[in-house]
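Using the numbering used here, the first residue of the sequence shown is number 29, and each one after it goes up by one. Encoded as structure tokens, the structure appears first; notes follow it.
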Amino acid sequence: MVSFDDGIDPESDEQDSSFKRVSIADVFSNPPEPQSYIWGERIPFDALTLLAAHGGTGKSLFAMQLAAHTSSGRSFLGLETEKIKTLFFSAEDSTNTIRRRYAAICGADGINPAEVERNLIVLDATDAPCLFHEVITTGVRKGEPTEHYAELKYLIETEGVGFLIVDNASDSFGANPIDRQAVTKFIRALVRLVRDAGGAVLLLSHVNKVTARNSNKQTDSEGYADSAAWHNAARSRLFLNVVGNNGNLSLEHVKNNYGKKQPPLKLAFRIDGSSLQAIDTEQNGESEANSAAANAMCRMWHREPILKMIHEFYMRGENISVSPNSPSTNVYSMLKTESTYPAGLIKAECLAVVRDCQREGLIISETYKKPDRHNAERWALTDKGLQFIGLPVPKAEQVMETSEEVAPEENIAEAENI
């Protein structure tokens, strides 16, 4: 028990305290405002909602499409939105990818992009994605916001942004992802960015590797990412997951600290892959033509995450064999355990995506010498492929010589065996 002799003045100004005293005496006579939501009682104001999904499921597309609708005040997937100044912070996709997707979204949903931009700020943050990092002060590690966070804070305050979408957690958070205090501090820092406007935050994240490996056979309905710390700190959580073998999706509402959890939404990609649409769960009689078109669309949608992973492996010197029969180095074996690997994509479908990318000139079979000096073939992105995933094409003098030249007649096009 604290006594007056401890040097604490009980009559000191309350504003000196770190805490806020909350009055509840008049909650009947002066009731508080009811909880409000930006979209369909699934994204509450004054809180952060975490949207977790497998890599390649479509969470970025979902978030971009949602931003187009919140900024224009249009209903989204059959649910009403609150018209609000929105900011989409893209730490994953660069300008070309963003523009390509918004052209498709606005065209499919019948929205004038000029109308959307009046109330939507889209930032390509791929060159400066980190908003929170770990620093060492007097030998103690702690997480704190970066200078990019301060820049974003100024922009949000200046522009009057009320809804912040961050894509995604793994790129914007540079501290230990299983450090509960760091995770909680980061989430609260994001909420503070829009708190003065009474706004909300939607943070996108990948599921953890265990959940990713299980894909559509998983038993974890929570959709955890990295650790439970993320999901405990978030006051609201959504989980976007593939259901069945036709590429359809389910948006699960797995947590809502402010009210009742809402029923899952059944979603599907439009045939051209431009955007998402709500579907009637009782309409299961797809024609063969529609199923074929849907499968082709899914392969198109999976190109980007597959190509990004191929390039990441290539840059690390981990060679992915062009032969599908290579036991441990074929594209499926190398990529399937990655957190960004598309959920439920079996080997045959993965190879089909790679074939499509090769036909479109996005990847090529490149000859290199193994340590034993024998020639081998690996997948490499072309200039067109680099542009497709939003990366700059290197200048001729910047191209790294990763292997010795091999005569064309010695090139074995193992890719044709796929």
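Cβ coordinates follow ideal geometry from the N, Cα and C atoms, glycine included.
Discussion item. Suppose the cutoff is 6 Å on Cβ atoms and the five residues either side in sequence are ignored; what does the same chain contact list for T212 look like?
Written reply: The count along the sequence shown starts at 1 and reaches residue 212 at position 184. The answer, listed in chain order, is A261.
### Task
Kindly indicate the opening and closing residues of the alpha helix (DSSP H) around Y369.
If you number the sequence shown from 1, residue 369 lands on position 341. Counting along the chain, Y369 falls outside any alpha helix (DSSP H), and DSSP gives it neither H nor E.
Proximity winner among E405, L76 and E388, relative to T197 (alpha-carbon distances): Here residue 197 refers to the residue found at position 169 when the sequence shown is read from its first residue. In the sequence on display, residue 197 carries Ala and not Thr. The shortest Cα separation from A197 among E405, L76 and E388 belongs to L76.
### Query
Over what stretch of residues does the alpha helix (DSSP H) that includes Y485 continue unbroken?
Here the chain comprises residues numbered 29 to 446, so residue 485 is not present and cannot be evaluated.
- Item | Beta-carbon proximity of L232 to D195, cut-off 7 Å | For this step, residue 232 is matched to residue 204 along the sequence shown. For this step, residue 195 is matched to residue 167 along the sequence shown. Yes, the Cβ-Cβ distance between L232 and D195 is below 7 Å.
Buried or exposed: where does T365 fall if 16 or more other Cβ atoms within 10 Å of its Cβ makes it buried?
-> Position 337 of the sequence shown, counted from the first residue, corresponds to residue 365. Classification for T365: exposed.
- Item | Same chain only: Cβ atoms within 8 Å of L335, ignoring 5 sequence neighbours per side | One-based indexing of the sequence shown puts residue 335 at position 307. Around L335: C385, L390, I391, L409, G413, F416 and I417.
CA nearest to the CA of A256, picked from E280, D207, I66 and N269 = Position 228 of the sequence shown, counted from the start, is the residue given in the question as residue 256. Residue D207 is the option with its Cα nearest to A256.
**OP:** Give the DSSP-derived three-state secondary structure of N124 in the structure shown.
**Re:** As a first step, residue 124 must be located in the sequence shown, where it is residue number 96. Note: N124 maps to helix in three-state DSSP.
Integer-rounded CB distance, given that R406 should sit under 8 Å from S349: Position 321 of the sequence shown holds residue 349. Position 378 of the sequence shown holds residue 406. Confirmed, Cβ separation roughly 6 Å.
Checklist entry - Which of helix, strand or coil does DSSP assign to Q305? => result Position 277 of the sequence shown, counted from the first residue, corresponds to residue 305. Of the three classes helix, strand and coil, the one that applies to Q305 here is strand, per DSSP.
Return the CA-CA distance between S278 and V270, expressed in angstroms with no decimal places. Mapped onto the sequence shown, residue 278 falls at position 250. Mapped onto the sequence shown, residue 270 falls at position 242. One C-alpha to the other measures close to 6 Å.
- Query: Under a three-way DSSP split, which group does A178 fall into?
  - Reply: Within the sequence shown, the letter at position 150 stands for residue 178. Note: A178 maps to helix in three-state DSSP.
When you compare each of A131, S122 and D224 to E185 by their alpha carbons, which one comes out closest?
-> Mapped onto the sequence shown, residue 185 falls at position 157. Answer by Cα proximity: D224.
ask   = Assuming F341 and G86 make a contact with CB atoms under 8 Å, what is their CB distance in whole Å?
value = Residue numbering aside, residue 341 sits at position 313 when the sequence shown is read from its first letter. Residue numbering aside, residue 86 sits at position 58 when the sequence shown is read from its first letter. With a Cβ gap of about 23 Å, F341 and G86 do not count as contacting.
*For A81, does the three-state DSSP call read helix, strand or coil?*
Indexing the sequence shown from 1 puts residue 81 at position 53. Strand.
Next item on the list: Pull up the DSSP beta-bridge partners for S393, would you.
Entry: Residue numbering aside, residue 393 sits at position 365 when the sequence shown is read from its first letter. Paired residue(s): W407.
Review point. Given I164, which residues of its chain have a CB within under 6 Å of its CB, disregarding the five upstream and five downstream residues?
Key: The residue given as residue 164 occupies position 136 in the sequence shown. Nothing meets the Cβ criterion.
Exercise for the section: Would you identify the three-state DSSP class for R387, choosing helix, strand or coil? Expected result: Along the sequence shown, one-based indexing puts residue 387 at 359. Correct three-state label for R387: helix.
Q: For T154, collect the residues of the same chain with a Cβ closer than 6 Å to its Cβ; drop the 5 residues on either side in sequence, then sort them by chain order.
A: As a position in the sequence shown, residue 154 is number 126, starting the count at 1. Once the five neighbours on either side are set aside, the close Cβ partners of T154 are S122.
Q) Is there a Cβ from chain B that is less than 7 Å from the Cβ of Y65? A) In summary, chain B is missing from the structure at hand, where a single protein chain is found.
Cβ-based burial, P62 [other Cβ within 10 Å; buried from 16]:
Start at 1 with the first residue of the sequence shown, and residue 62 comes out as number 34. Exposed, by the Cβ-count rule.
Q) With contact counted as at least three CB pairs below 8 Å, one residue from each stretch, are the stretch 172-181 and the stretch 97-104 in contact? A) no
Relative to the C-alpha of R327, which candidate in E346, L373 and M343 has its C-alpha closest? Along the sequence shown, read from residue 1 onward, the residue named residue 327 stands at position 299. It is L373 whose Cα lies nearest to the Cα of R327.
Which of the three DSSP states, helix, strand or coil, is assigned to E69? Sequence index remark: in the sequence shown, residue 69 carries index 41 (1-based). Note: E69 maps to coil in three-state DSSP.
**Asked** So F116 and I215 are in contact, right, with Cβ under 8 Å, and what is the actual spacing, rounded?
**Response** For the purposes of this step, residue 116 is identified with residue 88 of the sequence shown, where counting begins at 1. For the purposes of this step, residue 215 is identified with residue 187 of the sequence shown, where counting begins at 1. With 8 Å as the limit, F116 and I215 do not qualify as a contact, their Cβ atoms being about 18 Å apart.
- Message: In the DSSP assignment, the alpha helix (DSSP H) including V222 goes from what residue to what residue?
- Response: Counting from 1 along the sequence shown, the entry for residue 222 is found at position 194. Segment R208 to R223, the alpha helix (DSSP H) holding V222.
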